[in-house]
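Novice: Note that the protein sequences, when read in sequence, are chains C and E.
Sequential numbering from 1 applies to the first sequence in our numbering.
Sequential numbering from 1001 applies to the second sequence in our numbering.
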Amino acid sequence: MTQPLTLFDKIWAQHEILKAENGLSLIWVDRHYVHEGSFQGFDKVDARAERVARPDLTFGIADHYVPTSRGRVFNDPSLKKMVSQLVDNTKKHGVMLMGLDDPRQGIVHVVGPEQGLTIPGLVIVCGDSHTATHGALGSIAIGIGASEVSHVLLTQTFWQKKPKRTRVTVDGKCGPGIGAKDIALSIIARIGTNGAQGHAVEYAGAAIRALTMEGRLTLCNLAIESGARTGMVAPDETTFAYVRGRPFAPTGAEFDRAVEVWRALPSDPDAEFDTEVSLDASAIAPVVTWGTSPEDTLPIDAAVPDPAQVADPARAQQMQGALDYMGLKPSQKLTDIRVDRVFIGSCTNARIEDLRAAAAVLAGRTAKVPGLVSAGSTQVKVQAEQEGLDKIFTAAGLTWGESGCSMCIGINGDIVAPGERCASTTNRNFRGRQGPGARTHLMSPAMVAAAAVTGHLADVRPMLAGRA
Amino acid sequence: MQPFKQLSGAAVALRRDNVDTDQVIPARFLKISRAEGLGDKLFHDLRFDGNGKLRPDFPLNDPARQDAGILIGRRNFGVGSSREAAVYALVDHGFRCVVATSFGDIFAGNAVNNGLVAAIVNAEDIEKLLSAVEQTGRAEVDLEAQTIKSGNYVVSFTIDPARKTRLLNGWDELDLTAQHKGEIAAFATQDRTARPWAVPRT
Chain C
1 MTQPLTLFDK IWAQHEILKA ENGLSLIWVD RHYVHEGSFQ GFDKVDARAE
51 RVARPDLTFG IADHYVPTSR GRVFNDPSLK KMVSQLVDNT KKHGVMLMGL
101 DDPRQGIVHV VGPEQGLTIP GLVIVCGDSH TATHGALGSI AIGIGASEVS
151 HVLLTQTFWQ KKPKRTRVTV DGKCGPGIGA KDIALSIIAR IGTNGAQGHA
201 VEYAGAAIRA LTMEGRLTLC NLAIESGART GMVAPDETTF AYVRGRPFAP
251 TGAEFDRAVE VWRALPSDPD AEFDTEVSLD ASAIAPVVTW GTSPEDTLPI
301 DAAVPDPAQV ADPARAQQMQ GALDYMGLKP SQKLTDIRVD RVFIGSCTNA
351 RIEDLRAAAA VLAGRTAKVP GLVSAGSTQV KVQAEQEGLD KIFTAAGLTW
401 GESGCSMCIG INGDIVAPGE RCASTTNRNF RGRQGPGART HLMSPAMVAA
451 AAVTGHLADV RPMLAGRA
Chain E
1001 MQPFKQLSGA AVALRRDNVD TDQVIPARFL KISRAEGLGD KLFHDLRFDG
1051 NGKLRPDFPL NDPARQDAGI LIGRRNFGVG SSREAAVYAL VDHGFRCVVA
1101 TSFGDIFAGN AVNNGLVAAI VNAEDIEKLL SAVEQTGRAE VDLEAQTIKS
1151 GNYVVSFTID PARKTRLLNG WDELDLTAQH KGEIAAFATQ DRTARPWAVP
1201 RT
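Listed below in structure tokens is the structure:
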């Protein structure tokens, strides 16, 4: 009998070139995605006057600094320079670029799976913390810093200490109007933003298996917000059906051969995990964040917590700081919090299913506040337009933008004004994340749509009555 | 990379949990290249108010601690984005050591790649260390012994042994990898045969 292995262990073993005496492993990289922010990594390559080792496994995508306005007009030359720098760096090193005018352009974590570049059984890296997204297809996907970006560019490898393994099992069935974002935020609320630090997380259980690929991508996207090195879902029929026929994915006999390999990847029944966490899907409510960390998550029918009720003085002080920044009062009902704008977008929640969920709430209704909808990729945007979703958003009074990271990180010019409150489908409610002084409440696309229609944080469930 | 053995000097206490990398350096400054330097953007929106005025209550704004090399944080320092600029900003400002009860994984990796010590101290010790540093304004770090001292107070810290060795010697990761060129090439060749499907179709 061989030792039972986890999904993570199996892929790790296939990519471990060597394990050094110091305990670090040198890991082979199958895909390296680069974006405008990767320039620091290219600068280091140039400083050594060397070349990118494997341009055929490196893919450039313009997302962080691209304008979402019609015609992609740059209002600031420094933003244009960030995009042209990526053009120059990829051209110089013979790396394929899905740039501003490319019909395949979009957010790297949407485009990778969409184009079939991200498939099961790989090791994938990118100089972006939300890289764990790609683990949804059953790969090890890890966000890295600029020094590591240059290391991968130069060697197609990186050094890693093997993380411990955590399994998060979500059994049962989610209620109507509750989805992957609610599951992911509920996990973070349970274990904290450092709950999975140093761990690779595998999401398992009936509620995870029932998720579509879009839902799994949302779930794994938020793995980093629980501190995890990576998040993964074992590949299954949902995965294979998603991958089949995508532009860069294997075809024909090669695809069949790959599926055979992928079928052997799921964790063995007796595989041991260092940590086990379990949640009951039927107990998960639509959630929103109230504070300045994704762990500050509560069900929509709850109230803002009161620091005076918290025993730990450090925690109470932290909580008071968050309330002051967010402009909230203790014990205020969450549904009484008025919002100034909404944002539907980002690598977390801007895939076609997300846009459909928001549109299902907005159809025939009017938003009380302004808002921007930015599709996760140009392909998603085209598909949404074919389905008429753009008309629903614009009829409700929202702006239909081009694809990019946009108001999630606010470095392309799309920002939430100081003191303004935004209901957002993004991944981080950090202070100033959506712009200096911006106040962010994280939630699902359906919940953002509910906030848009009512003008305050709201439970989407009653608004779905009689709708598909 | 400059080796790190010991450091004695001004220290700053930052009594906050979850100091995310957006706080360490706001995203709008990520366009700045390393050559330009990022030290003056460190903790920008915590150090300055909306009108660009220094906030007197922010610990780093204490005139006596402008040349601090040691930063004491609390729980979960450097959580969030992968931006190595967060480490550049700390290093460019003069910091060589950050102490916390836990660190964001990517931040801790970026730190070692830039010669910045990310030292882990338990929750009880960190509160005492914060108080000691607030009083004395100074600290001493000994990486070999894995201790931090402030006034009469001494605490032990933990750090991954592989990272400790790199920091003590100032080793660059790429130089270490260069020793394994042959193994990487051999792996690539056998892997191409073993997993032909893993190469993207062109």
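For each residue, glycine too, the CB sits at the ideal point set by N, CA and C.
The structure displayed is predicted, hence computed values, not measured ones.
How should residue 235 of chain C be labelled, buried or exposed, when 16 other C-beta atoms within 10 angstroms of its C-beta is the threshold for buried?
Specialist: Flag for residue 235 of chain C reads buried.
Novice: So, is the C-beta of residue 1025 of chain E closer than 8 Å to a C-beta in chain B?
Specialist: In the structure shown, chain B cannot be found, because the protein chains are C and E.
Novice: Starting from residue 472 of chain C, trace the alpha helix (DSSP H) in both directions and tell me its first and last residue.
Specialist: Because chain C spans 1 through 468 in this model, residue 472 of chain C falls outside it and cannot be assessed.
Novice: Mapping DSSP to helix, strand and coil, what is residue 423 of chain C?
Specialist: Note: residue 423 of chain C maps to strand in three-state DSSP.
Novice: Which of helix, strand or coil does DSSP assign to residue 1118 of chain E?
Specialist: Strand at residue 1118 of chain E.
Novice: Starting from residue 28 of chain C, trace the alpha helix (DSSP H) in both directions and tell me its first and last residue.
Specialist: Where residue 28 of chain C is concerned, there is no enclosing alpha helix (DSSP H), although the beta strand (DSSP E) it sits in stretches over 24-28.
Novice: Report the start-end ranges of each beta strand (DSSP E) in the stretch 186-264 of chain C that is 3 residues or longer and not cut off at the edges.
Specialist: Taking only runs of at least 3 residues, the beta strand (DSSP E) segments lying wholly in the stretch 186-264 of chain C are 199-204, 230-233.
Novice: Which residues, in order along the stretch 1003-1031 of chain E, keep a beta-carbon less than 8 Å from a beta-carbon of chain C?
Specialist: The stretch 1003-1031 of chain E vs chain C, Cβ under 8 Å: 1015, 1016, 1017, 1018, 1020, 1022, 1023, 1026, 1027, 1028, 1030, 1031.
Novice: Please state whether DSSP places residue 173 of chain C in a helix, a strand or coil.
Specialist: Coil at residue 173 of chain C, not helix or strand.
Novice: Name the chain C residues whose beta carbon is nearer than 7 Å to that of residue 1174 of chain E?
Specialist: Within chain C, the residues near residue 1174 of chain E are 151, 154.
Novice: Who are the near neighbours of residue 109 of chain C in its chain, counting only those whose CB is closer than 6 Å to its CB and skipping five residues on each side?
Specialist: If we look at residue 109 of chain C and ignore the five residues flanking it on each side, its Cβ neighbours are 130, 133, 347.
Novice: Taking C-beta to C-beta, are residue 1051 of chain E and residue 1088 of chain E nearer than 8 Å?
Specialist: For residue 1051 of chain E and residue 1088 of chain E, no; Cβs fall outside 8 Å.
Novice: Can you say whether residue 73 of chain C is buried or exposed, counting buried as having 16 or more other CB atoms within 10 angstroms of its CB?
Specialist: Per the 10 Å Cβ criterion, exposed.
Novice: Could you work out which residues of chain C lie near residue 1183 of chain E, taking near to mean beta carbons separated by less than 7 Å?
Specialist: 17, 18, listed in chain order.
Novice: Determine, using beta carbons only, whether residue 11 of chain C and residue 28 of chain C come nearer to each other than 8 Å.
Specialist: Not in contact: residue 11 of chain C and residue 28 of chain C (Cβ atoms no closer than 8 Å).
Novice: If we call anything under 8 Å between Cβ atoms a contact, is residue 402 of chain C one with residue 424 of chain C?
Specialist: No, the Cβ-Cβ distance between residue 402 of chain C and residue 424 of chain C is not below 8 Å.
Novice: Would you mind working out which of C:413, C:460, C:454 sits nearest residue 82 of chain C, comparing C-alpha positions?
Specialist: Ranking C:413, C:460, C:454 by Cα distance to residue 82 of chain C puts C:413 first.
Novice: Starting from the Cα of residue 22 of chain C, find the closest Cα among E:1195, E:1162, E:1059 and give me that residue.
Specialist: Checked all of E:1195, E:1162, E:1059; the closest Cα to residue 22 of chain C is E:1162.
Novice: Which residue comes first and which comes last in the beta strand (DSSP E) that contains residue 310 of chain C?
Specialist: Segment: none, residue 310 of chain C is in no beta strand (DSSP E) and carries neither H nor E.
Novice: Helix, strand or coil, according to DSSP, for residue 407 of chain C in the structure here?
Specialist: Residue state, collapsed to three classes: helix.
Novice: Within 10 angstroms of its Cβ, does residue 1166 of chain E collect 16 or more other Cβ (buried), or is it exposed?
Specialist: Residue 1166 of chain E should be labelled buried.
Novice: Could you tell me which residues DSSP pairs with residue 64 of chain C in its beta bridges?
Specialist: Bridge partners of residue 64 of chain C: none, in fact.
Novice: Do we get a CB-CB distance below 8 Å when we pair residue 77 of chain C with the residues of chain E?
Specialist: No, no contact with chain E.
Novice: Bridge partners for residue 1150 of chain E per DSSP, in chain order?
Specialist: Beta-bridge pairing links residue 1150 of chain E to E:1153.
Novice: Please confirm if the stretch 436-453 of chain C is in contact with the stretch 332-343 of chain C, defined as three or more CB-CB distances below 8 Å between the two stretches.
Specialist: With a cut-off of 8 Å, the stretch 332-343 of chain C and the stretch 436-453 of chain C count as touching, because enough Cβ pairs lie within range.
Novice: Any C-beta of chain E within less than 7 Å: which residues of the stretch 78-112 of chain C qualify?
Specialist: Under the 7 Å Cβ criterion, the stretch 78-112 of chain C contributes 78, 82.
Novice: So, using beta-carbon positions, are residue 437 of chain C and residue 418 of chain C closer together than 8 Å?
Specialist: In this structure, residue 418 of chain C lies closer than 8 Å to residue 437 of chain C by Cβ.
Novice: Please name the residue in C:89, C:315, C:270, C:277 whose C-alpha comes closest to that of residue 226 of chain C.
Specialist: The option with the nearest alpha carbon to residue 226 of chain C is C:277.
Novice: Taking 8 Å as the cut-off, does the stretch 323-336 of chain C touch the stretch 353-360 of chain C (at least 3 CB pairs, one atom from each stretch)?
Specialist: The answer is no - the stretch 323-336 of chain C does not touch the stretch 353-360 of chain C, with fewer than three Cβ pairs under 8 Å.
Novice: Which residue's Cα is closest to the Cα of residue 1098 of chain E: E:1080, E:1074, E:1105?
Specialist: For residue 1098 of chain E, the nearest C-alpha among the options comes from E:1074.
Novice: Under the three-state reduction of DSSP, which class applies to residue 1016 of chain E: helix, strand or coil?
Specialist: Residue 1016 of chain E falls in the coil class under three-state DSSP.
Novice: State yes or no: is the C-beta of residue 26 of chain C nearer than 7 Å to some heavy atom of the ligand ATP?
Specialist: Ligands are entirely absent from the displayed structure, and the ligand ATP is therefore not among its contents.
Novice: Are residue 271 of chain C and residue 217 of chain C close, meaning C-beta to C-beta below 8 Å?
Specialist: No.
Novice: Find the residues of chain E that neighbour residue 217 of chain C, judging by a C-beta separation of less than 8 Å, and give them in chain order.
Specialist: The contacting residues do not exist; residue 217 of chain C stays about 18 Å from chain E at best.
Novice: Can you find at least 3 beta carbon pairs, one from the stretch 1061-1078 of chain E and one from the stretch 1090-1097 of chain E, that sit closer than 8 Å?
Specialist: Contact between the stretch 1061-1078 of chain E and the stretch 1090-1097 of chain E is present, because at least three Cβ pairs lie under 8 Å.
Novice: Does residue 5 of chain C come out as helix, strand or coil in the three-state DSSP assignment?
Specialist: Residue 5 of chain C falls in the coil class under three-state DSSP.
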